[in-house]
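**Q** Below: one structure in C-alpha cells.
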Amino acid sequence: MADIIKLLPDHVANQIAAGEVVQRPASVVKELMENAIDAGASTIKLIIKDGGKTLIQVVDDGMGMSETDARLSFERHATSKITSAQDLFNLHTKGFRGEALASIAAIAHVDMQTRKEDSEVGVQLKIEGSKIVSQEVVATPKGTSISVKNLFFNIPARRNFLKSHQVELRHITDEFHRVALVHPNIEFHFYNNGSELFNLPKTKHRQRIAHIFGNRMEDRLVPVNEETEVVKISGFVCKPEFAKKSRGEQFFFANDRFIKSPYLHHAVTAAFEGLIKSDMYPGYFLYLEVDPSSIDINIHPTKTEVKFDDENTLYAILRSTVKHSLGQFNVAPVLDFDHDPNLDTPYAYKEKDAILPRVTVDASFNPFKETSESKGMGKSFQKTSVKGWEGMYEGLDKDIDVEEFSSVVIESESEVQGTLYTDEEVEERLAATFQLRRKYVMSTVRSGLLVIHQNRAHERILFEKFLGEITVKEGVSQQLLFPLELTFNKQELAVLNEIKESLTNIGFAFESLEHETVKVTGVPLVVPESGIGTVLDRLIADYMEGFNDGTLSQAEVLAKVLSKNLAIRTGEVLDQESQLALVNNLFACKEPSLSPFQKITYTIVSEGDIDKKFS
19 MADIIKLLPD HVANQIAAGE VVQRPASVVK ELMENAIDAG ASTIKLIIKD
69 GGKTLIQVVD DGMGMSETDA RLSFERHATS KITSAQDLFN LHTKGFRGEA
119 LASIAAIAHV DMQTRKEDSE VGVQLKIEGS KIVSQEVVAT PKGTSISVKN
169 LFFNIPARRN FLKSHQVELR HITDEFHRVA LVHPNIEFHF YNNGSELFNL
219 PKTKHRQRIA HIFGNRMEDR LVPVNEETEV VKISGFVCKP EFAKKSRGEQ
269 FFFANDRFIK SPYLHHAVTA AFEGLIKSDM YPGYFLYLEV DPSSIDINIH
319 PTKTEVKFDD ENTLYAILRS TVKHSLGQFN VAPVLDFDHD PNLDTPYAYK
369 EKDAILPRVT VDASFNPFKE TSESKGMGKS FQKTSVKGWE GMYEGLDKDI
419 DVEEFSSVVI ESESEVQGTL YTDEEVEERL AATFQLRRKY VMSTVRSGLL
469 VIHQNRAHER ILFEKFLGEI TVKEGVSQQL LFPLELTFNK QELAVLNEIK
519 ESLTNIGFAF ESLEHETVKV TGVPLVVPES GIGTVLDRLI ADYMEGFNDG
569 TLSQAEVLAK VLSKNLAIRT GEVLDQESQL ALVNNLFACK EPSLSPFQKI
619 TYTIVSEGDI DKKFS
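Residue numbers (this note's numbering): 19 to 633.
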C-alpha cells in the first residue's frame, strides 16, 4: 500500500493554528497588546474600526525589531521569549509559543512597520494569507505598528460567525480592560471609528480602576493585602452593597496575567457569604504573585486557564484574606446594641403575608335622615337602605311628582355610573383567581385549571408593551419634579448614547449625556422614581452582557432587557385585582404562551388529569 501520511503545507498548518489562537477580533487585540508590553512599551495605542472586522491597529514605542527579526517573527514557533523547554517553568513574559503573528498573518492582511532605537530607518512588511507581498525600507518612529485588516478574508465561514459590530467591540473592550488593569505603569489610548473611548495615563492600580470604570468606583473599593510563603495577594474587592446580578467586574491576575479560575472565584464568593444574596456577584480586582515554577499556563492556547500546584492552600488563603479585609474596614455586619427588639417581627408572623387594609363605604348612609326617636337638640343618625331616599324631599312643593323626579334622577345616574358587571359578577370573577406560593396565579377555565407563572407572564406583557412604544414612539413619560443626576463610566455612557433614542421613545427623558454624568428628567410610568438608578444600571449591564446575538433589532433587545428588569418578581404578593389584570393582559398579547426568553408562561391542568389523580 502507498504511504498516506503527509506533511501539511505551512499555510495550511498556519490556518489550523489560527483557529485556536484567533477566535474573534478580540483575540488579535490580546496578542498584539501583549507583544507590545513584552517589547517594553511605555505608551500603547489601540485603533479599531467596525468592531475589528475592518481594522485592528496596535502602535507601541517599544524596542522595535531589526529587518531579520521582523521577517522571522511571522514564522511558526519563532519567538524571542524562550530558548528551551525549561524556560516554560520560569516565564516572565506574556507570550512564549511564537504562534500569534503567524496565525494572524494566515487569515488577514497584515501591515507591520518597526524600527529599533539605534537604527536610522525601519522596515515595512505587507503580508496577505501567509504570503509576503512586499518588504520596504521606511522612515518610522521607534517601536512597532501592526495593522490587521480584513480579518478572516480567506475563511468566509469563520467571518460569517462573527457577531455585530457592537458585540465584537464589547469583547475587544473586555480584552483591553484585562491588559490595562494589570499594567498601570503604561499609558493606553483606545480609539473606535475615529472617536476616543479611553485615555489612560500612567498611575496606580486604584486610579486605573477608577479611570476605566468611572470615578464612583473609587469609593466602592476595599483594599486587600496579604503576603505569605505561598502567594502574595494585593488588589481590591467591592463593598457588598455594590454587588451586581451580572458578572463583569471580576478580575483575577496571576503574575501580571489575566486568568479565569472558577475555583478561586468560589473562594471570594465564600468570603462574602452572609453579606450578599446568593444570586449576586461581588466585584473584585485581585493580583496574585506566585512562584513561576508553581503555575502552569501552557494548558490552553488563550493562556487564561492555568493550573496551580497547591490550589487548596491558595483557596484557603484567598478566602481568609478577603474576609479579613471586609472585617478590618467595618464592612462586615456588627452587633447592634442600640437595636430595639420590640420593633422586630414576631417569629410566628414572619412567614405570614401582609394583609392590605380595605376601606369600606356605606353607600346608603344619609346624614339628613332623622330617626323617629330623636327630636330637637338630641339628634342622631342611622344607616338606612337606599330605598329611603324619598325622605330627602319631604316638605317640598306638593305639586312636584316625586316618582317622576326620582325616575329621572336614577336614569341619569345610571348613565354616568353604569358598569359592565354587577357587583356580584365582579366579586365572582375576582374570586376565580388566587395566588399560589407568591409565584403562580391560578384561575379556572372551561377545560380545567389555568396556572400562570407571574414573572414570565408579566415579562411577556411588558415586552410587547415596550416594543410597541419603541416602534410607534408613543411612550408616556412621567416628568420628575427634581432632575436626577447619575454617574456612569465611559463604556456605560457609550451604551446609553447608543440606545438613547429607543429609551426616549418609551418615556425616558435625558437633559445631558456627557462627562460621565447623566441628568434624568423623566421616566416611564412603570419605573418607580426610587429605582431609576438601579433600573438603568441593570439595563446597561444586561445590554452589554449581550442578549443580542445579531438576529434581533435594537428595539427587541431593549424591550427584552426592560421587561426582564421591570417584571413582577417571584415572591411578590398580588391583590385580586392585579391577578385578574395579569390574566386578561396576558391573553391580550400576540404570543401569550411564551416569555420573551422562550419559556412557557402558563399551563392548563385539564379536568381529566385531575380525575386521574382520584381514580
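In this text, a Cβ means the ideal position worked out from N, Cα and C, and glycines have one as well. Values in this document were obtained by computation on a predicted structure and should not be read as measured data.
When DSSP labels each residue in this structure, what does Asp309 get in the three-state scheme?
**A** Correct three-state label for Asp309: coil.
**Q** Rounded to a whole number of angstroms, what is the C-alpha to C-alpha distance between Lys325 and Ile313?
**A** Distance between the alpha carbons of Lys325 and Ile313 is about 6 angstroms.
**Q** Would Ile122 pass as a contact of Val166 if the rule is Cβ separation under 7 angstroms?
**A** The answer is yes: Cβ separation under 7 angstroms.
**Q** Taking only beta-carbon atoms, is Ser596 less than 7 angstroms away from chain B?
**A** Annotation note: the requested chain B is absent from the structure, which comprises a single protein chain.
**Q** For Met130, write down the residues that DSSP places opposite it in a beta bridge.
**A** Paired residue(s): Leu143 and Ile164.
**Q** In this structure, how does DSSP classify Pro385 when only helix, strand and coil are distinguished?
**A** Three-state result, Pro385: coil.
**Q** By a C-beta neighbour count over all protein chains shown, 10 Å radius and 16 as the cutoff for buried, is Ser424 buried or exposed?
**A** Residue placement at Ser424 is flagged as unreliable, the pLDDT there being 45, under the threshold of 50; a coordinate-derived value is accordingly withheld.
**Q** Among residues of its own chain, excluding the 5 on either side of Ser530, which ones have a beta-carbon nearer than 6 angstroms to its beta-carbon?
**A** Excluding sequence neighbours, Ser530 sits near Lys537.
**Q** Between the beta-carbon of Asn515 and the beta-carbon of Arg556, is there less than 7 angstroms?
**A** Result no, Cβ atoms of Asn515 and Arg556 do not sit closer than 7 angstroms.
**Q** In terms of residues, what are the limits of the alpha helix (DSSP H) holding Leu584?
**A** Residues Gln572 to Leu584.
**Q** Pull up the distance between the alpha-carbon of Tyr281 and that of Gln131, whole angstroms please.
**A** One C-alpha to the other measures close to 42 angstroms.
**Q** Could you check what DSSP says for Ala334 in three-state terms: helix, strand or coil?
**A** DSSP places Ala334 in helix when its eight states are reduced to three.
**Q** Between which residues of its own chain and Ser152 is the CB-CB distance below 8 angstroms, once the five residues before and five after are set aside?
**A** Gln142, Leu143 and Lys144.
**Q** With a CB to CB cut of under 6 angstroms and the five nearest residues on each side skipped, what residues in its chain are close to Arg478?
**A** The residues are Cys607, Ser613 and Thr619.
**Q** Is Gly161 closer than 7 angstroms to Asp78 when the C-beta atoms are compared?
**A** Yes.
**Q** Starting from His471, follow its DSSP beta bridges and name the residues at the other end.
**A** For His471, which the question treats as bridged, DSSP gives the partners Tyr458.
**Q** How should His183 be labelled, buried or exposed, when 16 other C-beta atoms within 10 angstroms of its C-beta is the threshold for buried?
**A** Buried: at least 16 other Cβ atoms inside 10 Å.
**Q** For Phe254, name the three-state secondary structure that DSSP assigns.
**A** In the structure shown, Phe254 sits in a strand (DSSP, three-state: E or B).
**Q** Around the C-beta of Asp560, are 16 or more other C-beta atoms found within 10 angstroms, so that it is buried, or is it exposed?
**A** Buried is the call here.
**Q** Excluding the five sequence neighbours on either side, which residues of its own chain have a C-beta within less than 7 angstroms of the C-beta of Asn217, listed in chain order?
**A** Within the same chain, Asn217 has close Cβ partners His207.
**Q** If you reduce the DSSP assignment to three classes, tell me which class His283 lands in.
**A** Helix at His283.
**Q** Would you kindly report the start and end of the unbroken alpha helix (DSSP H) that includes Glu93?
**A** Unbroken run through Glu93: none, as it is neither H nor E.
**Q** Tell me, please, which residues DSSP counts as bridged to His207.
**A** His207 is bridged to Lys63 and Asn217.
**Q** Comparing C-alpha positions only, which one of Lys262, Ser213, Met81 and Pro258 sits nearest to Glu291?
**A** Checking every option, the nearest Cα to that of Glu291 belongs to Pro258.
**Q** I think Ser461 touches Leu454, with their Cβ atoms under 8 angstroms apart; what is that distance to the nearest whole Å?
**A** Wrong, their Cβ atoms sit about 11 angstroms apart, outside the cutoff.
**Q** Hey, would you say the C-beta of Val166 is under 6 angstroms away from at least one heavy atom of the ligand PLP?
**A** The ligand PLP is absent from the structure shown, which contains no ligand whatsoever.
**Q** Quick check on Pro542: does DSSP put it in helix, strand or coil?
**A** Strand at Pro542.
**Q** When you compare the segment 494-507 with the segment 616-631, are there three or more beta-carbon pairs, one atom per stretch, that lie closer than 8 angstroms?
**A** Contact between the segment 494-507 and the segment 616-631 is absent, because fewer than three Cβ pairs lie under 8 angstroms.
**Q** Out of curiosity, what's the CA-to-CA distance linking Leu169 and Asp28?
**A** When rounded, the distance between both Cα atoms is 19 angstroms.
**Q** If you draw a straight line from the alpha carbon of His603 to that of Glu510, how long is it in whole angstroms?
**A** In the sequence as presented, His is not what sits at residue 603; that position holds Asn. Using only the alpha carbons, I get a separation of about 34 angstroms.
**Q** If you compare alpha carbons, which of Glu329, Ala285, Ala573 and Leu592 is closest to Asp371?
**A** If we check each option's Cα against that of Asp371, Leu592 comes out closest.
**Q** Going along the chain, which residues of its own chain have a beta-carbon closer than 6 angstroms to the beta-carbon of Leu580, five neighbours each way excluded?
**A** Cβ within range, chain order: Phe484.
**Q** Thinking C-alpha only, which one of Met235, Ile294 and Asn273 is nearest Thr505?
**A** Here the closest residue by C-alpha is Met235.
**Q** How far does the alpha helix (DSSP H) with Gln496 in it extend, from its first residue to its last?
**A** From DSSP, Gln496 is part of no alpha helix (DSSP H) but of the beta strand (DSSP E) over Ser495 to Thr505.
**Q** Considering only the beta carbon of each residue, do Ile524 and Glu487 sit closer than 7 angstroms?
**A** Going by C-beta atoms, Ile524 is nearer than 7 angstroms to Glu487.
**Q** Since Phe271 contacts Tyr305 with CB under 8 angstroms, what's their CB separation in whole angstroms?
**A** About 5 angstroms separates the two Cβ atoms, so the contact holds.
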